[in-house]
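In full-length UniProt numbering, the protein residues as written are 1 to 846.
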């Protein structure tokens, strides 16, 4: 019995100690009336994501009460109580007053902040909830008296409700500076006048807006889709009491996400990356000039990737042509012809409407939710001040009375707005009904005859060109018309199978490479018109085209005077038709007919990397995040060519102009006309035909004709340094540094590598990533191929958070010709070297 009593006492002591330990370790998430929180003490939410306590901003000794993230390095602050009344010492207290309100007292017992509106309650309890909301409520029935979510500072969190039903509501205000949380110059909130939208103000002037909410997305935010909105979880809630509001919840409830307005006037969306221990910037507005409010002025349309960025709407001309020519677009545009209703005399010309497709509709719309399209049009015509209307799904009839302000085009399908123009803008002919009837009948007869003739011609051609079913069978279940292969001496008309094209003994699978006939390509490119011309390369001109199904293409047409010819054409067909990778441009087909040889590619709307990288007016559009993504994409594309593709390929002409950018600014390697296939057991080949581009060629290739995968690594290193610096490698030829490589090494050796960075991104880039890229670039341009890393090692270096990188040696060779070279044998610096039979190139020691 005594033994049992002793055992019971020991068990009781053990469990009591365990209970006390658990209780002690459990974070406190609340205080009640009569309790207080001193400087140095904190409340921590039950899930330990948030904490409340005193803090000092960076470079400041002032003390504030705030809510911040608990476990995240840097503990980003999301709410501040006494933001405009800091405490100068560490004697502050967060507590309750006699009526049960929350207050912050300084060391002299003077209140510097109190919850508002005040309440009178004896059962007050303040709880820091799991979503970061500080809630003052009744401890008896949980009725809320006050919540921090109703009085935000600069941060919009999930579950927070933003009122959107009373005109302009400025809910958030920026910090005054990075170290001063007092209210700054920028505010953000909702303007629900007409259709609701988010607005960022600088003092009383609009700086940016999101475009209208259409029930799924904010239509003026680039790259925001219904799918993206589902991921972000935005919702517009119609409240029964009239207090409609916005809220959002990420699809993954464990994600830590926040929107905030920065002290310098940007709206950021941030998501915590646990693996990399940093905040990923999901979006940042305004992201470019076009997102600045009304950047192109009244009746102007802005497109960020266009040159120039601003244009006047149809029927409008610049208000100040001289300033417009100087790219000062703030004065906007005016009508070229008055509306009929604005004239003092009546005319027979009635006003009409012309479609204008845009993504961000003009500001200050008046909405008539129930009006259908015809009623919307009539409503606009009945008001002389109405300049446009649109019928938008989930919004209704939108009318714009007055100037059309802050219109943006993202370069992709948008909302159709009907722009009101004078009748004379439409060039009406005033044809009689009889004349119109004759024209229609004649047109029908002509069309019928044309169809019959084309059918007869097609039948005759099929009989002449395709004598047997086995001679050419290259359809891909499409409407593509194929060329007459029997007329081309360079290409065999013998097929290794029913869907194989044989090029010098190398089969190219038909479904992988459709053959288009010349007429269909000419029609797609508007007969190779100058307005469809995208540029000129060593191969020949490149044209933009559109297939009957609407797919946009780029067509490379072999020039008769091109230094490149049949060899490069065959090379590109054989290689790229067999390659499939997201960072390689996709070959859609080819055309071989008589002397005509063309390659059809997927169209890249942002053209090539050099168009942005070396253009001072566009460099800022390539922020560091985009550049780092481009570097990584190029590395993955080269790794695929060197190791992972069906063929082991060396590109031999990697440069900025051969990196194309799609609409998301993702890179795609192009131009395989000079590429070579490596055997599985080959490490190095020799050639007497040196081709490539001066400034990107490795020393062993330029001087000895030796090339390998390490030749591409050298070119990648040069390109990487160009992307970081925003300068061409050859742009240093008239300076003391001889080349970009020499300049980069000098800065690296003197521990000044950040001076190499493009000034347009230097203040906003990630220094660790930049320094890593510069070091990788220096490793890639080592003199000896053996000293250069492989692309697999490079990809690992770039993707690793904290890689241990080898130290580069000083490159002794730089891409500078000596004065003894006969420059007539090669092109100017930066241009393609088509062929140097005697390898008449020397290299200079730096």
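Heads up, the beta-carbon is just placed ideally off N, CA and C, and yes, glycines get one too. Keep in mind it's a predicted model, so treat the numbers as computed, not measured.
Separation of the CB atoms of residue 250 and residue 158 is rounded to 6 angstroms, and the pair is thereby assigned contact status at 8 angstroms.
Contact holds between the segment 346-362 and the segment 409-419, because three or more Cβ pairs, one in each stretch, are under 8 angstroms apart. If you look at residue 629, you'll find it in the alpha helix (DSSP H) that goes 624-639. Cα atoms of residue 402 and residue 195: separation of roughly 17 angstroms, rounded to the nearest angstrom. In terms of Cβ geometry, residue 201 and residue 170 form a close pair [threshold 8 angstroms]. Leaving aside the five residues that flank residue 557 on each side, the residues in its chain whose CB is nearer than 6 angstroms to its CB run, in chain order, 540, 541, 598. A straight line joining the alpha-carbon of residue 450 with that of residue 547 spans about 21 angstroms.
Under the DSSP definition of a beta bridge, residue 205 partners with 202. The residue among 693, 635, 638, 527 with its C-alpha nearest the C-alpha of residue 537 is 693. Note on residue 117: under 16 other CB atoms within 10 angstroms of its CB, so exposed under the neighbour-count rule. In this chain, residue 773 is not harboured by any beta strand (DSSP E); it is covered by the alpha helix (DSSP H) spanning 767-780. Residue pairing by DSSP places residue 598 opposite 557, 591 in a beta bridge.
Judged by DSSP in its simplified three-state form, residue 581 adopts coil rather than helix or strand. Between residue 52 and residue 28, the CB-CB gap reaches or exceeds 8 angstroms. In the DSSP annotation of this structure, residue 377 is not part of any beta strand (DSSP E); the continuous alpha helix (DSSP H) holding it starts and ends at 373-381.
Secondary structure note for residue 660: its beta strand (DSSP E) is the uninterrupted segment 659-661. Fully enclosed beta strand (DSSP E) runs of no fewer than 3 residues occupy 30-32, 36-38, 42-44, 50-55, 64-69, 77-80, 93-96, 102-105, 111-114, 124-128, 134-138, 144-147 of the UniProt domain "Bulb-type lectin" (28-149), in order along the chain. Judged by DSSP in its simplified three-state form, residue 696 adopts coil rather than helix or strand. Of the residues 129, 290, 649, 75, the one whose Cα lies closest to the Cα of residue 30 is 129. Residue pairing by DSSP places residue 761 opposite no residue, since no beta bridge is assigned to it.
In the DSSP secondary-structure assignment, residue 401 is bridged to 386. Judged by DSSP in its simplified three-state form, residue 268 adopts strand. Secondary structure note for residue 709: its alpha helix (DSSP H) is the uninterrupted segment 709-725. For the pair residue 125 and residue 32, the CB atoms are nearer than the 8 angstroms cut-off.
In its chain, beyond the 5 residues on either side, 302, 303, 304, 309, 408 have a beta carbon closer than 7 angstroms to the beta carbon of residue 290.
Between residue 394 and residue 215, the beta carbon gap of about 4 angstroms places them in contact (Cβ cut-off 8 angstroms).
By the C-beta criterion, the segment 81-94 is judged to be in contact with the segment 105-116, since at least 3 inter-stretch pairs fall below 8 angstroms. Note that the C-beta distance between residue 318 and residue 333 is below 8 angstroms.
In terms of Cα proximity to residue 602, the closest of 614, 637, 668 is 668. In this structure, residue 234 and residue 245 do not form a Cβ contact; the two beta carbons are roughly 11 angstroms apart against a cut-off of 8 angstroms. Residue 247 sits in a strand when the DSSP states are folded into three classes. For residue 543, the three-state secondary structure derived from DSSP is strand. If only complete runs of 3 or more residues are kept, the segment 270-320 shows the beta strand (DSSP E) at 278-285, 300-302, 310-312, 316-318, in order along the chain. For the pair residue 183 and residue 311, the CB atoms are not nearer than the 8 angstroms cut-off. With distances taken between CA atoms, residue 180 lies nearest to 80 out of 132, 137, 410, 80. A straight-line Cα-Cα distance of about 13 angstroms links residue 516 and residue 525.
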